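What follows is a set of notes on a single structure, which appears directly below.
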Amino acid sequence: MAFEPNGATKRAPNTNMKKPKKTAAAKEVGLPRSFQEIILRLQNYWSEQGCAILQPYDMEVGAGTLHPATTLRALGPKHWRAAYVQPSRRPKDGRYGENPNRLQHYYQYQVILKPNPPDLQDLYLKSLSRIGIDPLLHDIRFVEDDWENPTVGAWGLGWEVWCDGMEVSQYTYFQQVGGLDVRPVSGELTYGLERLAMYVLGFDRVYDMPFNDPESATPLTYGDVFLENERQGSTFNFERSDPEMLLRWFTDAETQCKRLLALDGSNEKPLPLPAFDYCLKASHLFNLLDARGVVSPTERQSFIGRVRDLAKGCAKAWTDSQ
Amino acid sequence: MPQLIIEFFSEEIPARMQKRAEEDLAKLLKEKLAGLATQSVRTFSTPRRLTIVVDGLPARTPDVREERKGPRVGAPDQALQGFLRGAGLTSIDQAKVQNDPKGDFYVALIEKPGRSTPDLLKAAIPEIVRAFPWPKSMRSGEGDVTWVRPLQNIACVFDGAEIGIDIENIPSKAETRGHRFHAPDAFAITDFESYAAQLRKAHVILDREERKAIILRDTRKLCEAKGLTLVEDPGLLEEVAGLAEWPVALLGEMDKAFLALPSEVIRLAMRTHQKYFAVRKGDALAPHFIVVANIDAHDGGAAIAAGNARVLSARLNDARFFWDVDRFYDAIDKKKRRRLRDEAREKKLRSIVFHQKLGSVWDKVERVAALAKELCAVTGADPALVEKAAHLCKMDLVTETVGEFPELQGQIGRLLYLEENNAPSPFAGEGREGARADASTAPEKREHKSSNAAQADRPPPPTPSPQGGGGASSAAVESIAAAIEDHYRPLGPNDRVPSDKVAITLALADKLDTLVAFWVIGEKPTGSSDAYGLRRAALGEIRVLLESRTRLALLPALMLHEKRRANVIAHDPQGRSTRMLDLLAFLADRLTVQLRDQGKRHDLVDAVFSLGDDDLVRIVARVEALDAFLKTQDGSNLLAGYKRSANILRAEERKDDKLSTVLQTGEYPQQALFQENAEKTLHAALSKAAPAARAAVEKEDFTAAMSALSSLRAPVDAFFEAVLVNADDPKLRLNRLALLTNIRDALHEVADFSRIEG
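The listed protein sequences derive, respectively, from chains A and B.
In case it helps, the numbering used here puts the first sequence at residues 1 to 322.
In case it helps, the numbering used here puts the second sequence at residues 1001 to 1758.
What follows is the structure, given as structure tokens:
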């Protein structure tokens, strides 16, 4: 606890309250110098736009969209604005740390605004300026890319946003989630943080990119933080995970989820939030099985169908509870 | 005359939808303005706006005055009430009474005053928005209106004045904005000239054709300066013109080392993924690309070109990784270190489901191989080569490169096969590929862009080379390689058909197997859906048969193949499989459509089909000969004579149900019963022409058959001139009717003339 002198309990008058915002922006001069500075600038920016800055969801997910703050909050009539970093796992994308830009664990920055404001494109473009992308120096484009996630029965229209030919974000207006029409429509922005940062910071190999300030006492690269994780993660995903165990856990997670949704015939009140946790678990376990190469294409369809059924059940129970 | 401008200003419209949207907008607006004379309608689209300009639009719709006649005076009340309702009157006193020869009638005078054009537009535009046929559209925010992406403003200006359009809460001001980054401020719209001029000042080129011209001009200039040549690509040009309001072409560089990759892969990454134009230096692909940006960057585009080059490198790096894995040079991924042999690929194909009811892809391969070997009898290909090619043709589906670039299926298989068999591979040297790119890219249509794009700079199979290990085996390798790539062809109406015999055989077998297999499980295409591309397979089969002039009796081939799949087969009384007859009819329909598209009369195709032939080459030859014949005077007169004979016979058969039995006995016609010369002449002509036509048909010389028939024209005409068929003497009548039967039968030797119109 910092020492507080007498009188500090007297709050400064409200008129001064705007100041911290200006200072925060004023500190962000020039180009960002590290991965974390890009994240911090996005956090500040979206905080200024009135988003709740959430912390990452504490479960393994394949994409930021799967955070209940997006998947579930996109449903129902209530207004909502949130932004957060979400660590994302794609076991199949592991390359033992030897590919310059493919990772089995990486970060997405996720923003959801519900309903989408009419000037969402402008808000998004300003966020790019904030992390140092000048739209009169770099070629920013909105290229058709309709988003669909069959495992959660969701789709929307939008674009992938290109910066000098590189996809830096996915921009979507949700139309359906869990097989249900969404009203109002949410605008969803997903920034691929590593790729975006590599571009802004000028690195071709993700592991060389500075994680913290390169001039700090202990400069750390992305590789210092994550290279070993990629090596061990890839080995686990491809060689060492135990398929039988994974399959058992998948079945358990599925059973638990259904039970929580009262889909097992009981008359209990459905609990969509914990049920969704088990749906996410099942989804990640499936990804691990898939990476292990033990899922035949036919089985694959059946697994995806099972996860989709869970997701739809959660979406429906959540909508009913809203 | 007043001018109307409407601009739908929105977030970025997908490039592929813009042109169609212009057409749809023009169509919808013209419907709404029906009855209004207009001088011209022009439409424009950019990524952010869809604009329509109508010149010479009157300020009001004309007044309409109509007299409506009602019931007789004194008619029942019900009739009067109905009349009043229909005419919009409240009392019968408002109608006039008119007298005509039939009595006194009520007449209502309906006057509809014209409507002011602004009022009409205020009502019409929201309807247009709601009815707009975007391929996919969306809601936004809390609204219910759908558009392709959020609509930001609807500007409607008529005769210089703003017309506010009221639809949900979408803004509607007589203004627009310029380029997103160069000139984002709003400015007023008054008339088209100033609208287009102000947009140009605001870094927006409204006209798509002008944007395309700018891109081409600048691209060529960039190339010339470096001694390079642009690989022209009209489909890509159209697309990039729909991605920029202010197109700026820039030349980027790529690492020369990537030129070692197959040019198919490089061009696919450039075109499909990055939307870059490829460039050549001399005959070879150059280590450069053209990217079209949307801004005048303040560093002249250096950062944009460098950034794009990095992205392309990353993509090609990935591609090289996959290509190396597929070629067994993997040095990176430990999981893939083991050499992937054909057996390993076969094992994978066994695990990929082709269709739930049709087994694995490998099952399909086995069926195709069996069928293809049989087809060798008609294609003249070497069955051993065909079998080998069949077993190899789907192998590339499980390669890493095709996993990453599915559009390259077949092409990668061919390259890998050539590489694995040490044949001179067409990509090893800096190929001559580029030189052929222009010619093969030019006619392509957009719907086939991926396949054609990838194929664009693929050279024809190289000629056998001495290093290939002996002439014969080298030719065999080339044949198999061609078959692996080409068995998917043709992929659309503008794609080529295989030319190598092995490839032709495999292409025929692959498509026939697909058709038979889906017919067996009852998955036929419906009017609205054709999920498995069976129409395309049928059209492809037809084109390969016709262009390679392969003489295949389809029905026996289909039935034989059906047995490989089906346990239960239903037959018709003639022992033909009903399922395969249905498939044959489907193929016939496709052929009819195709011939009709080529300008052949569909009734001629019907007339030939109804003979029950199943050899498409012969069917088409017959249709062509028939078409030519009917265009001659002899042909059309003979057709008229045929129709007359057939009509008389039909009428008489209706009156006398035993007639046809009597005529079939062959008892008539009898020489002794001929009374007129015309009868004798006709009979003599028929007894020469019918066998001559039959003999010519047997030799498949349809032109000779037609000319044999044409000798009948004069005798037939003379017969009808001189002879009364329905004579009083029943024997004479029968004799003459028999002559008519002979005319009909002679003509039926070449086609069922009853199906021909006219």
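Note that beta-carbon positions come from the ideal geometry of N, C-alpha and C, so glycine has one too.
Fair warning: this is a prediction, and the values are worked out from it, not measured in the lab.
Residue i by DSSP, collapsed to three states: which one?
i               : result
Q1039 (chain B) : coil
C1156 (chain B) : strand
D1606 (chain B) : helix
M209 (chain A)  : coil
C1376 (chain B) : helix
E254 (chain A)  : helix
K1069 (chain B) : strand
T172 (chain A)  : strand
K1201 (chain B) : helix
E1676 (chain B) : coil
I1006 (chain B) : strand
I1052 (chain B) : strand
R141 (chain A)  : strand
T1526 (chain B) : coil
M1001 (chain B) : coil
H1561 (chain B) : helix
A1161 (chain B) : strand
A1087 (chain B) : helix
D1752 (chain B) : coil
N1099 (chain B) : strand
C163 (chain A)  : strand
P1076 (chain B) : coil
M59 (chain A)   : coil
K1136 (chain B) : coil
For the beta strand (DSSP E) that contains residue i, what are its first and last residues?
i               : result
D1104 (chain B) : 1103-1112
A1286 (chain B) : 1284-1293
A1309 (chain B) : That residue, A1309 (chain B), is in no beta strand (DSSP E); its alpha helix (DSSP H) goes 1302-1326.
K1281 (chain B) : 1277-1281
Among the options, which has the Cα closest to the Cα of residue i?
i               : options                            : result
E1210 (chain B) : B:A1155, B:L1732, B:V1568, B:A1241 : B:A1241
L1216 (chain B) : B:Y1195, B:E1238, B:H1203, B:K1501 : B:E1238
P1287 (chain B) : B:D1299, B:I1295, B:T1229, B:D1233 : B:T1229
E1478 (chain B) : B:A1503, B:R1496, B:R1489, B:G1635 : B:A1503
R1543 (chain B) : B:A1588, B:F1354, B:P1101, B:A1566 : B:A1588
V85 (chain A)   : A:Y96, A:L72, A:H105               : A:H105
W1167 (chain B) : B:T1176, B:E1175, B:A1131          : Looking at the sequence shown, residue 1167 (chain B) is not Trp but Ile. Of B:T1176, B:E1175, B:A1131, the residue nearest in Cα terms is B:A1131.
S88 (chain A)   : A:A317, A:E299, A:C51, A:N287      : A:N287
K1680 (chain B) : B:I1352, B:D1656, B:L1739, B:Q1152 : B:L1739
K114 (chain A)  : B:L1121, B:A1123, B:D1104, B:R1139 : B:R1139
What residues from chain A crowd round residue i, counting only those whose CB sits closer than 7 Å?
i               : result
V1291 (chain B) : G165
S1140 (chain B) : N116, Y173, V185
K1308 (chain B) : With the sequence shown as reference, residue 1308 (chain B) is identified as Asn, and Lys is not the correct amino acid for it. Going along chain A in sequence order, the residues near N1308 (chain B) (Cβ under 7 Å) are D164, G165.
R1267 (chain B) : Neighbours of R1267 (chain B) on chain A: none; closest Cβ ~16 Å, over 7 Å.
A1628 (chain B) : The premise fails here: A1628 (chain B) is roughly 50 Å from chain A at the closest Cβ pair, so nothing lies under 7 Å.
Could you list which residues in chain B have their beta carbon closer than 7 Å to that of residue i, in chain order?
i              : result
L136 (chain A) : F1181, I1295, A1297, H1298
F121 (chain A) : It is Gln, not Phe, that sits at residue 121 (chain A) in the sequence shown. Residues of chain B passing the Cβ test: E1011.
D146 (chain A) : K1136
Residues of chain A with a CB under 8 Å from the CB of residue i: which are they?
i               : result
V1311 (chain B) : D164, G165, M166
Q1409 (chain B) : Result: empty, since nearest Cβ-Cβ is about 16 Å, beyond 8 Å.
Where do the N-terminal and C-terminal ends of the alpha helix (DSSP H) with residue i fall, by residue?
i               : result
V1398 (chain B) : Element bounds for V1398 (chain B): n/a, residue is neither H nor E.
V1662 (chain B) : 1659-1664
F272 (chain A)  : The identity of residue 272 (chain A) in the sequence shown is Pro, whereas the question assumes Phe. That run of the alpha helix (DSSP H) goes 272-291.
L1474 (chain B) : Note on identity: in this sequence residue 1474 (chain B) is Ser, with Leu being the wrong assignment. Unbroken alpha helix (DSSP H) run through S1474 (chain B): 1471-1486.
A197 (chain A)  : 193-201
S1577 (chain B) : It is not in any alpha helix (DSSP H) - S1577 (chain B) carries neither H nor E in the DSSP assignment.
Got a sec: does the ligand COA put a non-hydrogen atom nearer than 6 Å to the Cβ of residue i?
i               : result
F1277 (chain B) : Among the components modelled here there is no ligand, and therefore nothing to report on the ligand COA.
Give the interface partners of residue i over in chain B, defined as CB-CB distance under 9 Å, in chain order.
i              : result
N330 (chain A) : There is simply no residue 330 (chain A) to check, as chain A begins at 1 and stops at 322 in what is shown.
Chain-ordered residues of the segment 1164-1176 of chain B with a beta carbon less than 7 Å from chain A: Result list empty, no residue passes.
Near-chain B residues of the segment 274-296 of chain A (beta-carbon distance less than 7 Å), N- to C-terminal order: Shown in chain order are the members of the segment 274-296 of chain A whose Cβ falls below 7 Å from a Cβ of chain B: S296.
Residues in the segment 1013-1031 of chain B having any Cβ partner in chain A nearer than 9 Å: Against chain A - using a Cβ distance shorter than 9 Å - the residues of the segment 1013-1031 of chain B are I1013, P1014, A1015, R1016, M1017.
Can you pull out the residues from the segment 1109-1143 of chain B whose beta carbon lies closer than 7 Å to at least one beta carbon of chain A? Listed by position, the residues of the segment 1109-1143 of chain B near chain A (Cβ gap below 7 Å) are K1136, M1138, R1139, S1140, G1141, E1142.
In chain order, what residues of the segment 1182-1214 of chain B put their CB closer than 7 Å to some CB of chain A? Residues passing the 7 Å Cβ filter: none.
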